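Data block below; observations after.
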Amino acid sequence: MRTIFLITIVSLLFSSCERKEEKKRSNDFSFYLPDADLYITTSKRMEGDFYVMFSKTDSISRLSDSTDYIKCDIEDVPLIIVFDPINKDNIYIKYPYVEKINKKNLNIIKFKKNDFNNKFYHNGIGAGPNTLKNPYKKLYVIPTSYNITFQRDSSFNSQIIIKNGNMWGE
Numbered sequence: 013m014r015t016i017f018l019i020t021i022v023s024l025l026f027s028s029c030e031r032k033e034e035k036k037r038s039n040d041f042s043f044y045l046p047d048a049d050l051y052i053t054t055s056k057r058m059e060g061d062f063y064v065m066f067s068k069t070d071s072i073s074r075l076s077d078s079t080d081y082i083k084c085d086i087e088d089v090p091l092i093i094v095f096d097p098i099n100k101d102n103i104y105i106k107y108p109y110v111e112k113i114n115k116k117n118l119n120i121i122k123f124k125k126n127d128f129n130n131k132f133y134h135n136g137i138g139a140g141p142n143t144l145k146n147p148y149k150k151l152y153v154i155p156t157s158y159n160i161t162f163q164r165d166s167s168f169n170s171q172i173i174i175k176n177g178n179m180w181g182e
């Protein structure tokens, strides 16, 4: 009886120590961004979390500890991600509700609003869609509606809609 009890306890301990990986969910959206040379997967979760996962090699099929990602609360504020085509390993983000940044292969840097605006937007001009400094590229994500737009340069015509969400966030 004692042996059965010990085996049960040990097996419970080992099963709880498994590496946790989540499978890709139906509300995940994956795409390749050639300007940044990155595969990106966004994932809107039922519990109110929003993930953006990055990979240089291939599309991301699941969230794991070995993946570069940011985890955010879903709020009605845009998540702005800026890429530098010269230094492609750096990813810059501006979003006040970031819960976690998981860095494995890329350098993900979170900026405060003023520092972000000073680095990536022209001085003396309000931060709007036409003021992005070159050579930076901007990914604009609205987690609540799940809209994703990419801006190649400072001109308004350079915007590309990657995902057109709706009021239900689908």
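Sequential numbering of the sequence shown, starting at 13, is according to the working numbering. For glycine and all other residues, C-beta sits at the position ideal for the given N, C-alpha and C. Keep in mind the model is a prediction, meaning the values are calculated, not measured.
Which same chain residues, not among the five before or five after LYS32, have their C-beta less than 6 Å away from its C-beta? On the sequence shown, residue 32 is found 20 positions in, with the first residue counted as 1. For LYS32, the pLDDT reaches just 49, beneath the cut-off of 50, and the residue's location in the model is therefore unreliable, although a value from the coordinates is still provided. Same-chain partners within the cutoff: there are none.
Inter-residue CB distance, LYS149 and PHE95 (contact presumed, cutoff 8 Å): For the purposes of this step, residue 149 is taken as the residue at position 137 of the sequence shown. For the purposes of this step, residue 95 is taken as the residue at position 83 of the sequence shown. Contact flag correct, Cβ pair sits at about 5 Å.
Close-in-space but distant-in-sequence residues of the same chain around ASN126 (CB under 6 Å, 5 per side omitted): As a first step, residue 126 must be located in the sequence shown, where it is residue number 114. Annotation for ASN126: no residue places its beta carbon closer than 6 Å to its own, counting only its chain and skipping 5 residues before and after.
For ASP127, does the three-state DSSP call read helix, strand or coil? For the purposes of this step, residue 127 is taken as residue 115 along the sequence shown, with counting starting at 1. Annotated three-state conformation of ASP127 is helix, per DSSP.
Just the Cα atoms here: how many angstroms apart are ASN119 and ASN99? Along the sequence shown, one-based indexing puts residue 119 at 107. Along the sequence shown, one-based indexing puts residue 99 at 87. For ASN119 and ASN99, the distance between alpha carbons rounds to 10 Å.
Between TYR158 and LYS83, how many whole angstroms is the CB-CB distance? I'm expecting something under 8 Å. By 1-based counting over the sequence shown, the position of residue 158 is 146. By 1-based counting over the sequence shown, the position of residue 83 is 71. Rounded, the Cβ-Cβ distance is 16 Å, inconsistent with contact.
Mapping DSSP to helix, strand and coil, what is ASN117? As a position in the sequence shown, residue 117 is number 105, starting the count at 1. In the structure shown, ASN117 sits in coil (DSSP, three-state: anything other than H, G, I, E or B).
Out of THR156, ILE105, VAL153, ARG164, which has the shortest C-alpha to C-alpha gap to LEU144? Counting from one through the sequence shown, the residue named residue 144 turns up at place 132. Checking every option, the nearest Cα to that of LEU144 belongs to ARG164.
Jot down the residue ranges of each uninterrupted beta strand (DSSP E) in the stretch 65 to 106, minimum 3 residues, whole runs only, in chain order. Taken in chain order, the unbroken stretches of beta strand (DSSP E) that lie wholly in the stretch 65 to 106 and span 3 residues or more are 80 to 85, 91 to 95, 102 to 106.
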